[in-house]
Amino acid sequence: GPSGCAPLPVLGWDVTVPLVTGEEVTYAALDYAASAPALQRVWDDVAAYAPYYGSVHRGAGYLSQLSTELFENARRTVAEFLDCRAGDQVVFTRSTTDSLNLLAAALPDDCQVFVFESEHHAALLPWRGARVTFLDAPDSPEQAVRALEDALAARDPSPSSRLLPHSRLRSSGGTPMSRGGPNGPALVCVTGASNVTGELWPVRELAAAAHAHGARIVLDAAQLAPHHAVSLRELDVDWVAFSGHKLYAPFGAGVLAGRADWLREAEPYLAGGGASRKVTRREDGGVEVEWHDSAARHEAGSPNVIGAYAIASACKALGEAGFGALAAREERLIRTVRDGLADVSEVRFLSLFGDAAPRVGVLSFVVDGWNSSHFAAALSAEYGIGVRDGLFCAHPLLRTLLGGDPQDQGECGAPEAAPGETSLNAIRVSFGAGTPDEHVERFVRAVR
Ligand code: PMP
20 GPSGCAPLPV LGWDVTVPLV TGEEVTYAAL DYAASAPALQ RVWDDVAAYA PYYGSVHRGA
80 GYLSQLSTEL FENARRTVAE FLDCRAGDQV VFTRSTTDSL NLLAAALPDD CQVFVFESEH
140 HAALLPWRGA RVTFLDAPDS PEQAVRALED ALAARDPSPS SRLLPHSRLR SSGGTPMSRG
200 GPNGPALVCV TGASNVTGEL WPVRELAAAA HAHGARIVLD AAQLAPHHAV SLRELDVDWV
260 AFSGHKLYAP FGAGVLAGRA DWLREAEPYL AGGGASRKVT RREDGGVEVE WHDSAARHEA
320 GSPNVIGAYA IASACKALGE AGFGALAARE ERLIRTVRDG LADVSEVRFL SLFGDAAPRV
380 GVLSFVVDGW NSSHFAAALS AEYGIGVRDG LFCAHPLLRT LLGGDPQDQG ECGAPEAAPG
440 ETSLNAIRVS FGAGTPDEHV ERFVRAVR
């Protein structure tokens with residue numbers, strides 16, 4: 020049955036799991052940053068629509084028409100949720116990863132990309148073929164803004180990227196190398212909230228810095244959107260990307276929303292039906308294609324109408340409930356963890372901006388003398404608690420935070436960290452709507 024805090028009950032994860040002792044307990048799912056359970060309302064909406072779905076933009080039949088209308092309404096709902104500006108487009112994708120790869124495929128020639136090393140790999144890696152400058156992880160929000168300003172001011176016309184001295188990251192180089200110079204197109208990609216530390220990034224200030232230097236900015240809101248209102252207009256970001264499965268909708272759909280021009284001018288992300296307006300055979304035997312200018316240009320194939328509908332349902336529910344109560348609850352749960360473990364000297368929380376920095380309901384830590392993967396396995400086997408362990412698809416950030424070469428130490432036989440030493444991977448606990456206090460209290464007890 021549904022659980023969670025009114026007015027955002029979630030459905031799912033209400034399961035009993037066996038412990039090594041043979042005892043059974045309710046599973047404590049504390050990995051919302053990976054995927055959140057869907058809201059009860061989302062499942063209800065999807066269940067009500069499921070018997071009627073049809074292929075969109077493809078038929079005069081009633082169900083096809085209905086699905087087309089619901090799909091286009093879903094686009095409008097998402098646009099409202101993100102407070103889009105006139106002329107912005109909402110493209111339905113598979114996920115945040117897909118959205119950022121779509122934008123990467125739509126970059127104008129000679130575009131320079133600026134990205135902090137602390138990003139999730141989905142934001143760090145898609146920019147193949149562009150000239151990329153990787154910025155060191157900052158130690159405060161102010162320093163993030165200064166570092167970006169400096170990097171943008173130094174945008175130089177030479178084709179070599181600045182490489183992180185201590186990182187194995189390379190400029191993705193590729194072709195064509197930029198000869199754009201200071202006035203060529205540039206894109207900044209930045210997270211709204213870190214998937215490792217949960218810390219909030221100064222998005223508005225970074226957007227102002229980008230625009231002051233003639234660059235554009237895309238916000239990776241995969242972790243921010245489930246916890247805070249995201250307004251394209253107020254933040255003044257050019258694009259935003261997020262995933263349905265972290266925003267209390269099921270898997271399979273994501274969003275890229277924002278300025279239409281680069282998207283309209285780019286080759287379609289996928290070539291095929293739905294993206295093409297007119298296809299004709301040429302005299303020379305080849306094929307001539309006119310592509311759509313709308314979001315459909317990048318949505319070739321039969322769209323995931325249920326996924327889009329589910330995202331829109333979650334957006335509506337979150338928009339109506341507002342984020343105030345959810346954020347206050349998450350803050351309280353963060354305090355439960357921090358206060359409950361304050362006197363456990365072996366536990367070290369990870370942060371770039373300091374332990375007191377504002378964050379969403381995501382905390383990562385290491386435990387002296389423990390391999391984090393073994394620690395997480397013990398939380399599961401002995402307490403029925405599900406957390407994430409490892410490197411969180413953010414290897415350069417983990418390297419900076421842990422000061423060594425991070426390793427996925429989950430395999431059998433991986434060495435324990437020596438007493439007094441920290442593991443070179445970490446443990447992440449995260450929560451949101453539907454997390455009962457008891458789960459977080461049990462987690463604190465288990466770690467103690
Ligand atoms: N960015 C951030 C900050 C994330 O936390 C994640 C998911 N862990 C992604 C991007 C990628 O999201 P998805 O796996 O849904 O594409």
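Note that the UniProt record's numbering gives residue 193 to position 174 of the sequence shown, counting from 1, and the numbers run on in steps of one. In this text, a Cβ means the ideal position worked out from N, Cα and C, and glycines have one as well.
Counting only residues of its own chain and dropping the five nearest sequence neighbours on each side, LEU85 has a CB closer than 8 angstroms to the CB of TYR71, GLY73. C-alpha of ASP303 to C-alpha of TRP310: approximately 20 angstroms in a straight line. Taking a contact as a CB-CB distance under 8 angstroms, the pair ALA142 and CYS208 counts as one, their CB atoms being some 5 angstroms apart. Rounded to the nearest whole angstrom, the C-alpha separation of ARG252 and ASP102 is 6 angstroms.
Taking a cut-off of 8 angstroms on C-beta distances, the stretch 269-278 touches the stretch 320-328, as three or more cross pairs fall below it. In the three-state DSSP reduction, GLY409 falls in the strand class (E or B).
Comparing alpha-carbon positions, the option among VAL466, ARG467, PHE450, ALA465 lying closest to LEU49 turns out to be PHE450.
With a cut-off of 7 angstroms, the C-beta of ALA53 is classified as near the ligand PMP, since at least one heavy atom of the ligand falls inside that distance. Restricting attention to TYR51, TYR46, ALA227, the CA atom closest to the CA of LEU266 is found in TYR51. For GLY277, DSSP records a beta bridge to GLN108, TRP258. Remark: the C-beta of HIS139 is in contact range of the ligand PMP, defined as less than 7 angstroms to any heavy atom. Its chain contains LEU251, ARG252 as the residues whose beta carbon lies nearer than 8 angstroms to that of ARG104, once the 5 sequence neighbours on both sides are disregarded; these appear in chain order.
Its chain contains no residue whose beta carbon lies nearer than 7 angstroms to that of GLY41 once the 5 sequence neighbours on both sides are disregarded. Per the DSSP secondary-structure output, GLN131 pairs in a beta bridge with ARG150, ALA205. Around the beta carbon of TYR402, 16 or more other beta carbons sit within 10 angstroms, so the residue counts as buried.
With respect to the 8 angstroms criterion, ASP107 and ARG278 are classified as neighbours on the basis of their beta carbons.
DSSP places SER392 in the uninterrupted alpha helix (DSSP H) bounded by 391-402. Here the distance from the Cβ of THR454 to the nearest heavy atom of the ligand PMP is not below 7 angstroms. Runs of the alpha helix (DSSP H) lying entirely within the stretch 307-391, each at least 4 residues long, are 324-340, 343-360 in chain order.
Taking a contact as a CB-CB distance under 8 angstroms, the pair HIS230 and PHE342 does not count as one, their CB atoms being some 26 angstroms apart. ASP239 carries a strand assignment under DSSP once its states are collapsed to helix, strand and coil. The C-beta distance from GLY263 to ASP239 rounds to 15 angstroms, too long to fall under 8 angstroms, and the pair is not in contact. For the pair LEU121 and HIS140, the Cα-to-Cα distance works out to about 15 angstroms. When secondary structure is reduced to three states using DSSP, VAL249 falls in the coil class, being assigned neither helix nor strand.
Between the ligand PMP and the CB of THR115, the shortest heavy atom gap is smaller than 7 angstroms.
Spanning the alpha carbons of ASP64 and THR96 requires a straight line of approximately 14 angstroms.
With a cut-off of 7 angstroms, the C-beta of ALA142 is classified as near the ligand PMP, since at least one heavy atom of the ligand falls inside that distance. CA-CA distance, LEU254 to ASP117, rounds to 22 angstroms. The Cβ neighbour count for LYS335, taken over all protein chains shown within 10 Å, is at least 16; the residue is labelled buried.
Setting aside the 5 residues that flank it on each side, ASP408 is surrounded in the same chain by SER391, SER392, ALA395, ILE446, each with a C-beta closer than 6 angstroms to its C-beta; the list follows chain order.
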